[in-house]
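Since the structure comes first, as structure tokens, the remarks are kept for the end.
Residue numbers (my numbering): 490 to 940.
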């Protein structure tokens, strides 16, 4: 058996119906290995994905991870792709660089945490931001192809997107695709591999052999789904798009700004504020950059710890999305409201539970966040923790009295969520707190029937 973790609603990559290119490739490889394919359905847009899947024994494989993936053993790269601009019909856009003046005249959609968005921003191209807080189970309308659909609908001139997503939706809408990897020195192309637990090198080797035997079929699938394929000599499938080539990485470069870099950015921030820049947007940029120096200065100089950004995401939610508990602490110290809700009706505690962020969750509980608050779509923090997080977070919520007998509008209880996840440890914790083991939902389905 080959147990693959796949997203249940993330087209064109995967869905429950097996219609995505990942599904097709998984079937090819299972056949090549002589194994039966079995899925564990998990949203890939969650923190701690490897920890709660391949490293917890819930499945054998994660698909489409960066080839330098550090939380497991990556296979040989399957393919290499790039971030692109999807452009509306009739727009002949061929920028030689991201400084092209034509880009500044367009209405461009960007994702909040995309390297392409950062590259555009660094060259003075701001965008209409879609915040990619996506769970295929609860927010299918916010899928990653939404920006391309807005281009097709005439709401945007262009949108940046990861190539495998963009190519599929661009083909469906008759849109243009402009690769960004060769017009800037920001890293915008990546080789994609599958990944297994570090304890399973034999499976990694077996997958590599199956991939090599199935290279032709895999290449045909990727091209059928219009994946932009970049030239890659060490990939299973070599592409025909030009590669950027090697990137120059400054010595000592890290993802965290150095004290000198933060100081320089703070000076630039102070000049922008003096020139009339909006503190709300500056705080949003600082939070996404993980720059505690700028965040602290803005909070001391009038930026609101509660005022949402342009898409309705309050600062606490943004810090939790970026898994930055230190910034969560700074916002709480500045008086951030722990019950402030985002545009989806979620509290910070719900966001931390969904993101498997134990440090932020415990800080919120210490500030007496309402443990049994209910979102507009019926979720509590406990429901989300059982469905997506580690047992540590479930125990923390139970420890402050989370209601184990509550049901959502469809009658699903915490016990049912634990059964659906097939987690005996969580189920035992709920039953020890008095949860009902045999309570049916509104359709008459009991936990035992779900098991």
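No residue lacks a Cβ here, since even glycine has one placed at the ideal position from N, Cα and C.
Check: Cβ neighbour criterion (16 or more within 10 Å) applied to residue 854; Outcome: buried
Check: Range of the contiguous beta strand (DSSP E) that encloses residue 680; Outcome: 678-685
Check: DSSP bridge partner residues for residue 494 (one or two, in chain order); Outcome: 529 and 551
Check: DSSP bridge partner residues for residue 499 (one or two, in chain order); Outcome: 503
Check: Entirely enclosed alpha helix (DSSP H) segments - the segment 851-883, minimum 4 residues; Outcome: 870-877
Check: Residue 829 versus residue 769 - alpha carbon distance; Outcome: 16 angstroms
Check: Candidates 844, 672 and 723, of which the one nearest residue 736 by Cα; Outcome: 672
Check: Buried versus exposed, by CB contacts within 10 Å (16 or more), residue 622; Outcome: Residue placement at residue 622 is poorly supported in this model, since its pLDDT is 45, which falls under 50; the coordinates still yield a value, given next. Residue 622 is buried by the Cβ-count criterion.
Check: Reduced DSSP category for residue 538 - H, G, I as helix; E, B as strand; rest coil; Outcome: coil
Check: Range covered by the beta strand (DSSP E) that runs through residue 736; Outcome: Counting along the chain, residue 736 falls outside any beta strand (DSSP E), and DSSP gives it neither H nor E.
Check: Opening and closing residue of the beta strand (DSSP E) in which residue 574 lies; Outcome: 568-576
Check: Straight-line gap, residue 585 to residue 701 (C-alpha atoms, nearest Å); Outcome: 36 angstroms
Check: 8 angstroms Cβ cutoff met for residue 821 and residue 684; Outcome: no
Check: Residue 721 vs residue 732 beta-carbon contact at 8 angstroms; Outcome: yes
Check: Residue 677 versus 612, 615 and 603, residue with shortest Cα-Cα distance; Outcome: 603
Check: Straight-line gap, residue 516 to residue 691 (C-alpha atoms, nearest Å); Outcome: 19 angstroms
Check: CA nearest to the CA of residue 611, picked from 754, 939, 532 and 927; Outcome: 754
Check: Whether residue 899 touches residue 931 by CB criterion (8 angstroms); Outcome: yes
Check: Exposure of residue 578, with buried meaning 16 or more beta-carbon neighbours within 10 Å; Outcome: exposed
Check: Residues bridged to residue 668 (per DSSP); Outcome: 573
Check: Euclidean distance between Cα positions of residue 841 and residue 705; Outcome: 43 angstroms
Check: Cβ-based burial, residue 744 [other Cβ within 10 Å; buried from 16]; Outcome: Any reading at residue 744 needs caution, since the residue's pLDDT is 43, under 50, leaving its predicted position unreliable; the model's value is listed next. Answer is exposed; the Cβ neighbour count stays below 16.
Check: Residue from 566, 572 and 494 whose Cα sits closest to the Cα of residue 556; Outcome: 566
Check: Whole-number beta carbon distance between residue 639 and residue 648, since they are thought to touch under 8 angstroms; Outcome: 7 angstroms
Check: Spatial distance of residue 508 from residue 662 (CA atoms); Outcome: 18 angstroms
Check: Three-state secondary structure assigned by DSSP to residue 563; Outcome: strand
Check: The alpha helix (DSSP H) enclosing residue 826, as first and last residue numbers; Outcome: First-last for residue 826: undefined, no H or E at that position.
Check: CB contact flag (residue 634, residue 714, <8 angstroms); Outcome: no
Check: Same chain, Cβ closer than 8 angstroms to residue 609, five either side skipped, listed in chain order; Outcome: 587, 592, 597, 599, 615, 616 and 649
Check: Simplified DSSP assignment, three categories, for residue 920; Outcome: helix
Check: Rounded separation between residue 454 and residue 645 - CA only; Outcome: Outside the shown range of the chain, which is 490 to 940, sits residue 454, and nothing can be said about it.
Check: Bridge-paired residues (DSSP) for residue 730; Outcome: 719
Check: Assigned exposure category for residue 942 - 16 Cβ within 10 Å defines buried; Outcome: Given that the chain is displayed from residue 490 to residue 940, the structure contains no residue 942 and the question cannot be resolved.
Check: Proximity winner among 835, 889 and 574, relative to residue 868 (alpha-carbon distances); Outcome: 835
Check: Helix, strand or coil at residue 701 [DSSP, three-state]; Outcome: helix
Check: Whether residue 652 touches residue 571 by CB criterion (8 angstroms); Outcome: yes
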